[in-house]
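Structure, as structure tokens:
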Amino acid sequence: MQIGEVAARTELSLRTIRHYEETGLVAPSARSQGGFRLYTETDVARLMVIRRMKPLGFTLDQ
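Residues are numbered in the working numbering as their position in the sequence shown, beginning at 1, plus a constant of 10.
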């Protein structure tokens with residue numbers, strides 16, 4: 011799935027997902043022929059874990 015669908019499902023902004031990619035927390039599983047980031051259900055699950063941990067006081071480094 012493309013980043014827009016991932017953003018909708020995780021309630022994270024496109025910018026936040028890209029930031030997490032830049033910091034190495036998540037990486038697209040593939041790229042489309044047009045260069046679009048493609049994510050799997052596993053990637054979405056990882057982003058959901060990150061999203062849930064942030065309000066608990068965890069930093070991105072943890």
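Note that CB positions come from ideal geometry on N, CA and C, so glycine has one too. Nothing here was measured: the structure is a model prediction, and the numbers come from that model.
Take the Cβ of residue i as the centre, count every other Cβ of all protein chains shown within 10 Å, and call the residue buried at 16 or more, exposed below.
{"i": "Arg62", "result": "exposed"}
{"i": "Leu66", "result": "exposed"}
{"i": "Thr20", "result": "buried"}
{"i": "Val59", "result": "exposed"}
{"i": "Arg47", "result": "buried"}
Could you check the C-alpha separation between residue i and residue j for me, to the nearest Å?
{"i": "Ala40", "j": "Val54", "result": "14 Å"}
{"i": "Ala37", "j": "Gly14", "result": "15 Å"}
{"i": "Gly45", "j": "Thr69", "result": "30 Å"}
Specify, as a first and last residue, the run of the alpha helix (DSSP H) that residue i falls within.
{"i": "Thr33", "result": "Premise fails: Thr33 is in no alpha helix (DSSP H) and is neither H nor E."}
{"i": "Thr52", "result": "51 to 63"}
{"i": "Gly14", "result": "13 to 20"}
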